[in-house]
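The structure appears right after this line, and notes come after that.
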Amino acid sequence: MSELVFASSNAHKVDEVRTILGLDKTQLLSLKDINWLEEIEETGSTLTENALIKSRTIADAKKINVFSDDSGLEVEALNMAPGVYTARYAGPQKDATDNMNKLLNALDGETNRKARFRAVVALVLDDEEHIFEGIVNGRIALEKKGNGGFGYDPIFIPDGYDKSFAELPESVKNKMSHRSRAVDKMRRFLESRNG
Ligand code: IMP
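Counting from -6, one number per residue, gives the positions in the sequence shown under this note's numbering.
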C-alpha cells in the first residue's frame, strides 16, 4: 500500500499505532513527517465529526490517504457526558487533574459508576470515508490511583480488573484500549482491501 498519514503529532500515539498496523516509519507518516504545523479546530458535535474534520482537511490539502482518531469518556449516570468535551471538561486549559476532580465531584454519592472510553477512527482512503469504532467498558473509581498513562487513566477501571488504567502496565492497557480496538478494525479493513 502507498503511504498513509496518521493525523497526530503525538509521537507516542504514532509509535503505538505503527505497531498495531505493522507498518514502519516510511509507510505510516505523522503530521510532523508531512510538515503539517497548523492546528485543526475540533468544531464537530460528535467524535465522528471531529475525526472526519481532521482527516478531510488534510486529505483535501495534501491529496494523501489519512486517518485521524478522536476519543472520549462516556459516563452512564451523566447521560454519556463528557463525551466530545472529555479533553476540556473542566475548562479550556485541558488539565487532567482538574478534569478528574470535576468528574469525581459530579459522581459524588452516585452508585452507578459505569463508564466507557470510545474512540472513533476516520479514514479517508482514495477520497472515500470509512469509520471504525473501539470501546472499552469499565467504571469510574472512587478516587485516583496509579501514576501511569495520561488523562483520566487514574480513575478508570476496565471491566474484569480491579486496578485503574494508570496502575496497569502500559502493554496491558494498550492491548484492550478503545484506540487500539478501533485501529485494529481499520487494520483488518486495510488487509482485506489489499487482498
Ligand atoms: P483524544 O481524542 O485521544 O485526544 O482524547 C480526548 C481526551 O480524552 C484526552 O484529552 C483525554 O483526556 C481523554 N482520553 C482519551 N483516551 C484516553 C485514555 O486512553 N486514557 C485516559 N484518558 C483518555
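For every residue, glycine included, the Cβ atom is placed at its ideal position computed from N, Cα and C.
- With 16 or more neighbouring CB atoms inside 10 Å of its own CB, D62 falls in the buried class.
- With fewer than three CB-CB distances shorter than 8 Å, the segment 123 to 134 does not count as touching the segment 80 to 89.
- Straight-line measurement puts the Cα of Y154 at about 25 Å from the Cα of T12.
- Straight-line measurement puts the Cα of K55 at about 12 Å from the Cα of D120.
- Set against 8 Å, the gap from the CB of Y145 to the closest heavy atom of the ligand IMP is smaller.
- Distance from the C-beta of N92 to the nearest heavy atom of the ligand IMP is below 8 Å.
- Its chain contains V59, V117 as the residues whose beta carbon lies nearer than 6 Å to that of A52, once the 5 sequence neighbours on both sides are disregarded; these appear in chain order.
- Around the CB of K25, fewer than 16 other CB atoms lie within 10 Å, so the residue is classed as exposed.
- In this structure, the CA atom of S38 is about 33 Å from the CA atom of P162.
- In the three-state reduction of the DSSP assignment, K87 falls in the coil class.
- Per DSSP, the unbroken beta strand (DSSP E) holding K107 starts and ends at 107 to 118.
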